[in-house]
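Counting from 7, one number per residue, gives the positions in the sequence shown under the UniProt record's numbering.
C-beta atoms are modelled at their ideal positions from N, C-alpha and C, and glycine is treated no differently.
Quick caveat, the model's predicted, so the values are computed rather than measured.
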Amino acid sequence: VTGVAPSLSAGVVGSFAYFTVKDRLPTILTKVIDTIHRNKNKFFEEYGEKGIEAEKQTISLLSKLRNELQTDKPVLALTDGLQDTQSWNQYLQRQQILQGDQESVSWFKSPWLYVECYMYRKIQEALWLNPPISDYDVFNEGKTQSFFESQKAVMALCTYVEGVKKCIKELSRNQIFEHFIKLLLVSLWGNKCDLSISAGQDNSQKTSPLDSLNSLQPFILVDDSNMVWSTLLSAQRPGQSGKATPVRVDMVLDNAGFELVTDLVLADFLVSSGLANEIHFHGKSFPWFVSDVTANDFQWTIRQTLAANHMWMSKSGVKWQGYLKEGVWCYHDHPFWTQPHEFSDMAADAPDLYATLQGADLVLFKGDLNYRKLTGDRDWDHTVGFDTALRGFAPAPLCSLRTLKANVQVGLQPGQAEKLASQDPDWMTCGKYAVIQFYTPESE
Ligand code: F6P
Ligand code: MG
Numbered sequence: 007v008t009g010v011a012p013s014l015s016a017g018v019v020g021s022f023a024y025f026t027v028k029d030r031l032p033t034i035l036t037k038v039i040d041t042i043h044r045n046k047n048k049f050f051e052e053y054g055e056k057g058i059e060a061e062k063q064t065i066s067l068l069s070k071l072r073n074e075l076q077t078d079k080p081v082l083a084l085t086d087g088l089q090d091t092q093s094w095n096q097y098l099q100r101q102q103i104l105q106g107d108q109e110s111v112s113w114f115k116s117p118w119l120y121v122e123c124y125m126y127r128k129i130q131e132a133l134w135l136n137p138p139i140s141d142y143d144v145f146n147e148g149k150t151q152s153f154f155e156s157q158k159a160v161m162a163l164c165t166y167v168e169g170v171k172k173c174i175k176e177l178s179r180n181q182i183f184e185h186f187i188k189l190l191l192v193s194l195w196g197n198k199c200d201l202s203i204s205a206g207q208d209n210s211q212k213t214s215p216l217d218s219l220n221s222l223q224p225f226i227l228v229d230d231s232n233m234v235w236s237t238l239l240s241a242q243r244p245g246q247s248g249k250a251t252p253v254r255v256d257m258v259l260d261n262a263g264f265e266l267v268t269d270l271v272l273a274d275f276l277v278s279s280g281l282a283n284e285i286h287f288h289g290k291s292f293p294w295f296v297s298d299v300t301a302n303d304f305q306w307t308i309r310q311t312l313a314a315n316h317m318w319m320s321k322s323g324v325k326w327q328g329y330l331k332e333g334v335w336c337y338h339d340h341p342f343w344t345q346p347h348e349f350s351d352m353a354a355d356a357p358d359l360y361a362t363l364q365g366a367d368l369v370l371f372k373g374d375l376n377y378r379k380l381t382g383d384r385d386w387d388h389t390v391g392f393d394t395a396l397r398g399f400a401p402a403p404l405c406s407l408r409t410l411k412a413n414v415q416v417g418l419q420p421g422q423a424e425k426l427a428s429q430d431p432d433w434m435t436c437g438k439y440a441v442i443q444f445y446t447p448e449s450e
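Right, dumping it as structure tokens:
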């Protein structure tokens with residue numbers, strides 16, 4: 007199709023996609039294998055010989071997967087017969103058609119986004135084919151560890167937000183605006199803390215994020231935070247009955263650990279300031295890209311926060327639990343979020359989810375992978391508009407809060423990318439830069 011940039015792929019030798027498929031993905035698989043092996047005794051205690059057998063079988067499937075990846079074997083259809091198996095296999099056929107019949111869909115030749123997502127789904131297949139340990143989250147240890155290592159930063163953040171909430175009624179609109187921007191920035195920079203970019207290495211937040219916001223400002227390449235603010239304000243209009251209609255913000259979550267806390271704190275502020283009345287969180291239905299939030303991580307994080315031995319932290323946790331009980335907050339995990347589709351496919355391939363998002367006044371997309379899916383993970387010219395790269399994905403006003411960790415970035419000023427590249431050749435993948443990039447559908 008004319009006008010659509012090609013997908014990023016490990017086929018481009020020397021690209022970040024190439025490096026990822028060649029080195030980073032095998033490293034992640036090796037860690038997964040080690041984790042399962044290290045937990046052998048636990049599986050034995052829980053399931054006896056069956057647990058040991060499952061551990062062996064799973065490891066053998068994962069070693070086979072790693073070998074297929076490293077030798078660029080064809081990507082195979084899934085065999086586990088779960089709810090999403092068919093749509094994964096249909097997607098594989100679609101890739102095959104796009105590529106033509108001469109070459110099979112394979113790790114180094116096919117789109118990076120697809121093969122990387124497929125790897126996480128294959129890890130799940132290996133577990134699901136071995137029932138006693140099917141529900142074991144191979145990334146859990148890393149996620150909980152990164153949460154605990156960020157304790158000081160979490161405490162600082164909860165102390166700050168509880169302080170703001172205490173006097174929220176007396177704050178002027180301007181003061182509310184300033185706190186809003188701060189917490190939006192904290193949530194943005196929280197995205198630095200994912201465990202996928204470091205292949206599972208420590209990546210926690212050690213210092214209070216609030217102190218570094220000013221010094222980080224020059225690293226924000228696109229800052230549409232004003233438009234996010236005005237979207238929230240204009241959503242406050244009275245409905246037909248003259249009564250204010252509830253304002254709803256959806257957050258498409260990314261990573262557990264510190265980043266999730268920053269998202270919960272922002273959501274708490276949106277509700278307690280009256281900027282929003284309902285928050286819908288969207289997470290993953292199985293472990294994904296090492297550190298992404300699952301339902302279990304979401305619950306666990308709130309329980310840990312409310313049980314913390316720190317007054318402001320536990321106060322925050324109690325409040326969050328309350329929001330969930332009252333239905334002010336809710337959590338969903340639609341299977342589409344753990345599929346390889348770019349978001350421009352959503353209206354056709356997951357119309358129910360698209361319709362759900364249409365009910366929001368604002369959708370916040372956290373993190374790098376969501377940005378890759380928003381823009382189709384394509385080699386766009388950097389000056390192409392965000393609206394062009396979205397290719398019709400427009401369920402509601404939306405904003406990406408992302409630190410750059412992949413070779414895709416649109417919506418820059420002419421010359422901006424060239425200047426960055428001359429200062430910092432790795433600007434797109436080093437995680438040092440960020441965007442707050444907003445889009446609103448025409449009719450809004
Ligand atoms: O390549 C970097 C990477 O591991 C990508 O696979 C992925 O886009 C990203 O990091 C994960 O980052 P995030 O958690 O911000 O989506
Ligand atoms: Mg992630």
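Item to check | Spatially closest choice to residue 319 from 348, 83 and 163, by CA coordinates | outcome: 163
Next on the checklist: I need the DSSP call for residue 44, collapsed to helix, strand or coil.
Outcome noted: helix
Item to check | Endpoints, beta strand (DSSP E) assigned at residue 337 | outcome: 335–338
Next on the checklist: On the criterion of 16 or more Cβ atoms from any shown chain inside 10 Å, does residue 388 qualify as buried, or is it exposed?
Outcome noted: buried
Checklist entry - To the nearest angstrom, how far is it from the Cα of residue 54 to the Cα of residue 41? => result 18 Å
Item to check | Contact set for residue 437: own chain, Cβ-Cβ below 8 Å, skip 5 residues either direction | outcome: 198, 203, 409, 410 and 411
Next on the checklist: Let me check one thing: in DSSP terms, what residues is residue 257 bridge-paired to?
Outcome noted: 287 and 370
Checklist entry - In whole angstroms, what is the alpha-carbon distance linking residue 450 and residue 167? => result With a pLDDT of 46 at residue 450, under the threshold of 50, the predicted position of this residue should be treated as unreliable, and no value is reported.
Checklist entry - Does the Cβ of residue 378 lie closer than 7 Å to at least one heavy atom of the ligand F6P? => result yes
Next on the checklist: List, from N- to C-terminal side, the alpha helix (DSSP H) runs of 4 residues or more that fit wholly inside the stretch 265–317.
Outcome noted: 301–312
Checklist entry - Are the stretch 253–268 and the stretch 216–233 in contact at 8 Å, needing three or more beta carbon pairs? => result no
Next on the checklist: For residue 138, tell me which candidate among 177, 213 and 46 has the shortest Cα-Cα distance.
Outcome noted: 46
Checklist entry - If residue 81 sits next to residue 98, beta carbons under 8 Å apart, how far is it from one beta carbon to the other, in whole angstroms? => result 6 Å
Next on the checklist: Is the beta carbon of residue 14 closer than 8 Å to that of residue 385?
Outcome noted: yes
Checklist entry - Is the beta carbon of residue 337 less than 8 Å from the beta carbon of residue 287? => result yes
Item to check | Whole-angstrom distance between residue 30 and residue 246, CA atom to CA atom | outcome: 54 Å
Next on the checklist: Restricting to runs no shorter than 4 residues, where is the alpha helix (DSSP H) found entirely within the stretch 409–447?
Outcome noted: 422–429
Item to check | Those residues which DSSP pairs with residue 163 across a bridge | outcome: For residue 163, which the question treats as bridged, DSSP gives no partner whatsoever.
Checklist entry - Between residue 351 and residue 380, what straight-line distance do the alpha-carbon atoms span, to the nearest angstrom? => result 10 Å
Checklist entry - Since residue 302 and residue 143 are thought to touch, with beta carbons under 8 Å apart, how far apart are those beta carbons, to the nearest angstrom? => result 7 Å
Checklist entry - Applying the criterion that 16 or more other CB atoms from any shown protein chain within 10 Å of the CB defines a buried residue, is residue 439 buried or exposed? => result buried
Checklist entry - Taking buried to mean at least 16 other C-beta atoms within 10 Å of its own C-beta, is residue 250 buried or exposed? => result exposed
Item to check | Alpha carbon of residue 272 to alpha carbon of residue 158, nearest angstrom | outcome: 18 Å
Checklist entry - By how many angstroms is the C-alpha of residue 101 removed from the C-alpha of residue 113? => result 12 Å
Checklist entry - Taking the C-alpha atoms as reference points, what is the distance between residue 32 and residue 121? => result 13 Å
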